[in-house]
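J.:
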Amino acid sequence: MGRRKVLALAAPVLAAALTLSACGGGGGGGQLPQGDQKAGVNDINPQPDDNIKDGGTLQFAIDSPSANWNQNQVDGNDVASARMSNTLEPWIFTEKADATLEINKDYLTSADVVSTSPQVLEFKINPKAKWSNGRAMSWEDFEWQWKAQNGTNPAYQPNTTTGYENISKVERGSDDQDVKITFDKPFGEWKGLFSPLYPKELNSDPTEFNTGWVDEPKITGAAFKIGKIDLTAKTVSVVRDPNWWGKKPHLDGILFKVLTRPTMPDAMQSGAIDVADTNALLDAITRYKTMQNVSLRQAVAPDTVHLTLNGGEGRILADQKLRQIVFEAIDRKAIANAEIGKITPNPPLLGNHIFAQGTKEYKDNSGDLKFSVDKAKTDLDALGWKQSGQFRSKDGKELDITYVSSSTPASDDTGKILQQQLAQVGVKVTINAVPTADFFPKYVNVGNFDLATFRWIGASTPASGQKGAYSLDLANPANVQQNYGHVGNKAINDAFNSAVAELDDTKRAQDVNDIDKMLWDVAGELPLYQLPGAVATKKTVANYGAMGFATNPIDYINIGFTK
Numbered sequence: 000m001g002r003r004k005v006l007a008l009a010a011p012v013l014a015a016a017l018t019l020s021a022c023g024g025g026g027g028g029g030q031l032p033q034g035d036q037k038a039g040v041n042d043i044n045p046q047p048d049d050n051i052k053d054g055g056t057l058q059f060a061i062d063s064p065s066a067n068w069n070q071n072q073v074d075g076n077d078v079a080s081a082r083m084s085n086t087l088e089p090w091i092f093t094e095k096a097d098a099t100l101e102i103n104k105d106y107l108t109s110a111d112v113v114s115t116s117p118q119v120l121e122f123k124i125n126p127k128a129k130w131s132n133g134r135a136m137s138w139e140d141f142e143w144q145w146k147a148q149n150g151t152n153p154a155y156q157p158n159t160t161t162g163y164e165n166i167s168k169v170e171r172g173s174d175d176q177d178v179k180i181t182f183d184k185p186f187g188e189w190k191g192l193f194s195p196l197y198p199k200e201l202n203s204d205p206t207e208f209n210t211g212w213v214d215e216p217k218i219t220g221a222a223f224k225i226g227k228i229d230l231t232a233k234t235v236s237v238v239r240d241p242n243w244w245g246k247k248p249h250l251d252g253i254l255f256k257v258l259t260r261p262t263m264p265d266a267m268q269s270g271a272i273d274v275a276d277t278n279a280l281l282d283a284i285t286r287y288k289t290m291q292n293v294s295l296r297q298a299v300a301p302d303t304v305h306l307t308l309n310g311g312e313g314r315i316l317a318d319q320k321l322r323q324i325v326f327e328a329i330d331r332k333a334i335a336n337a338e339i340g341k342i343t344p345n346p347p348l349l350g351n352h353i354f355a356q357g358t359k360e361y362k363d364n365s366g367d368l369k370f371s372v373d374k375a376k377t378d379l380d381a382l383g384w385k386q387s388g389q390f391r392s393k394d395g396k397e398l399d400i401t402y403v404s405s406s407t408p409a410s411d412d413t414g415k416i417l418q419q420q421l422a423q424v425g426v427k428v429t430i431n432a433v434p435t436a437d438f439f440p441k442y443v444n445v446g447n448f449d450l451a452t453f454r455w456i457g458a459s460t461p462a463s464g465q466k467g468a469y470s471l472d473l474a475n476p477a478n479v480q481q482n483y484g485h486v487g488n489k490a491i492n493d494a495f496n497s498a499v500a501e502l503d504d505t506k507r508a509q510d511v512n513d514i515d516k517m518l519w520d521v522a523g524e525l526p527l528y529q530l531p532g533a534v535a536t537k538k539t540v541a542n543y544g545a546m547g548f549a550t551n552p553i554d555y556i557n558i559g560f561t562k
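Below, the structure written as structure tokens:
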């Protein structure tokens, strides 16, 4: 599914708050040049096959181990997990730099809409496609993925049911490699479904789906396979799979290394890694720019930072009016300038929850929201939160909200800024700095926070990709999907259901912008800023760098080293 992923700050996918990443050439100090601000391009040192060596191992820096090798499970939706897993599992459609989706002929020979009323898709599976256990990929893999993610069995813990819940049946066509998918409700962004595709052996059992692949991927189906998972060294190696039926990868393999973000420049300098996100760390960018054998690459990417407010039942921020006042009391411009202002001077504020800046669909829907200490104080008084000493209280309870930091520099810094800003209106902020590896599974995913900052990495299917982050399962609140703040309502649910059913792209974009206005009002997530999208690579690395929108999946087959 082309859903958003999270990343911790320093630059946020499903990600914890760290310093943001940016990259590029030229400019003074740690500043990045003012590049093309339109989406649709990337900066990857493109090279034809003849210019690339056969072999070699790419040393790839990541900042956390995989929480679950099943990306479709709620704990597996982070960037590090995706970057490793996407070397191993099928994507039937792949993203291009211009945010369009292209059929992957390694897995499907065709994908057609054969009926519009009802909507019916027919996928023809490449007869060469097979899983690492020797079984041919078949219609049953699609059937079981639908059953695991359509929301009808509460034993499964998917990170989204979007799109799958619109399907009424998946059945065998003329043979086992012919898939017929029938929708009982139309679904416009259908190309985002069934990617990554997992085998029926994973999807046919809820326990296997939820926890069976926590330690390792048991079955693969791509150009690479697992070489070794070394928990002590914090590395994962993937190597060419000799049973791969498609184009032979240039690389012998990829060695993923878990490193903290501040240590990545040292690793690049010493030759321990070949590629790394800059995470918008000023020190990292400054150092990369001085390395003779390193290129800083930059492209507009759907990499956005926001503040999530936990409005779940029993939480202090369950009150929508109180969340709206918190919005008023936060100086977003000060946060953006503090975190990325020295890299991209006067960074624009992010005015949309769903569309990234640089896309044609982006509109600033923040409306009348303005930072105002005086208004926030007046509104808190009216809500019954009266000043008592330094902080406010109501019915004997102090207005104390907990900010959970992922213990990265950016996350820590943002927490301190929020603490200072909210103190001006009498709101106490307690900072709980937790281990980075625990940030999502033990805090964000389970709602153990009041405030948290992290990054969303967008996808090429914005309506369906974001539905799970802002819809609320009113019948089963435990079904969080990606709505970690538990904020939403029936109107937003209905609007998303209508938007994803819209087959006209222009009308769907208009519908989604209307939803975004509702999200500003419900005040569950405060957009802050967009990261510059910069990556450091050794100059000999070909066909990789700042990928723009072409990240799901990264084209690992064509990455290599120049001759």
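Per numbering that gives the first Met the number 0, the sequence shown runs over residues 0 to 562. No residue lacks a Cβ here, since even glycine has one placed at the ideal position from N, Cα and C.
(1) Return the chain-ordered list of same chain residues with a C-beta closer than 6 Å to the C-beta of Ser84, the five sequence neighbours on each side being excluded.
(2) Asp411 and Ala432 - do their beta-carbons sit closer together than 8 Å?
(3) Using the beta-carbon count (16 or more within 10 Å), is Glu501 buried or exposed?
(4) Can you tell me whether Ala110 is helix, strand or coil according to DSSP?
(5) Assuming Glu59 and Phe255 make a contact with CB atoms under 8 Å, what is their CB distance in whole Å?
(6) Find the nearest neighbour of Leu473 within the set Pro461, Asn492, Ser463, judged by alpha-carbon distance.
(7) Quick one: complete beta strand (DSSP E) runs, 3+ long, within the segment 253-313?
(8) Pick out the complete alpha helix (DSSP H) segments inside the segment 399-433, 4 residues or longer, and give them in chain order.
(9) Write down the C-beta distance between Phe439 and Ala128 rounded to the nearest angstrom, noting that I regard them as a contact closer than 8 Å.
(10) Using the beta-carbon count (16 or more within 10 Å), is Leu471 buried or exposed?
(11) Using only the alpha-carbon positions, how far apart do Leu280 and Thr343 sit?
(12) What did DSSP end up calling Lys146 once you bin it into helix, strand or coil?
(13) Using C-beta distances below 6 Å, list every residue in its chain close to Ala541, excluding the 5 sequence neighbours before and after it, in chain order.
(14) Does the Cβ of Val113 have 16 or more other Cβ atoms within 10 Å, making it buried, or fewer, making it exposed?
(15) Looking at the structure shown, is Trp130 part of a helix, part of a strand, or coil, going by DSSP?
(16) Can you tell me where the beta strand (DSSP E) holding Trp244 begins and where it ends?
(17) Given this structure, state the Cα-to-Cα distance separating Val511 from Ala498, to the nearest angstrom.
(18) Helix, strand or coil for Gly23, going by three-state DSSP, please let me know.
(19) Would you be able to state if there are at least three C-beta pairs under 8 Å between the segment 287-298 and the segment 320-332?
(20) For Leu349, which of helix, strand or coil comes out of DSSP?
(21) Take Ala300 as the anchor and find which of Lys179, Trp243, Ser459 has the nearest alpha-carbon.
(22) In the DSSP assignment, find the unbroken alpha helix (DSSP H) run with Glu200 in it and report its ends.
(23) Please state the DSSP three-state secondary structure of Pro157.
(24) Going by the beta-carbon positions, is the gap between Ala337 and Ile416 smaller than 8 Å?
(25) With contact counted as at least three CB pairs below 8 Å, one residue from each stretch, are the segment 136-150 and the segment 168-184 in contact?
(26) Which runs of the beta strand (DSSP E), 3 residues or longer, sit entirely within the segment 464-536?
(27) What residues match up with Thr93 in a beta bridge as DSSP calls it?
(28) Starting from Val78, trace the alpha helix (DSSP H) in both directions and tell me its first and last residue.
(29) Would you identify the three-state DSSP class for Glu170, choosing helix, strand or coil?
(30) With the cut-off set at 8 Å, would you say Ser405 and Ile430 are in Cβ contact?
(31) Could you check whether Ala317 and Tyr528 sit closer than 8 Å to each other, using their CB atoms as the reference points?
(32) According to DSSP, is Ile563 helix, strand or coil?
(33) So, using beta-carbon positions, are Thr161 and Gly467 closer together than 8 Å?
(34) What residue does the beta strand (DSSP E) around Ala60 start on, and which one ends it?
(35) Mapping DSSP to helix, strand and coil, what is Phe453?
(36) When burial is assigned at 16 or more other CB atoms within 10 Å of the CB, is Ser294 buried or exposed?
T.: The structure says:
(1) Trp68, Gln70
(2) yes
(3) Glu501 is buried by the Cβ-count criterion.
(4) strand
(5) Sequence inspection shows Phe at residue 59; the Glu mentioned does not correspond to that position. Right, their Cβ atoms sit about 5 Å apart.
(6) Asn492
(7) 274-276, 293-297, 302-308
(8) 408-422
(9) Not really, about 32 Å apart at Cβ, beyond 8 Å.
(10) Buried, by the Cβ-count rule.
(11) 11 Å
(12) helix
(13) Asn44, Gln46, Ile51, Gly559, Thr561
(14) exposed
(15) In this structure, Trp130 counts as coil in the three-state DSSP scheme.
(16) Element bounds for Trp244: n/a, residue is neither H nor E.
(17) 6 Å
(18) At Gly23 the pLDDT is 21, less than 50, meaning the model places this residue with poor confidence; the figure from the coordinates comes in the next sentence. Coil at Gly23, not helix or strand.
(19) no
(20) coil
(21) Between Ala300 and the set Lys179, Trp243, Ser459, the nearest pair of CA atoms involves Ser459.
(22) 199-202
(23) strand
(24) yes
(25) yes
(26) 524-529
(27) Paired residues: Glu101.
(28) 78-84
(29) strand
(30) no
(31) Taking 8 Å as the Cβ cut-off, Tyr528 and Ala317 do not qualify as a contacting pair.
(32) Past the boundaries of the shown model lies residue 563; the chain is included only from 0 to 562, so the question cannot be answered.
(33) yes
(34) Element bounds for Ala60: 56-61.
(35) strand
(36) buried
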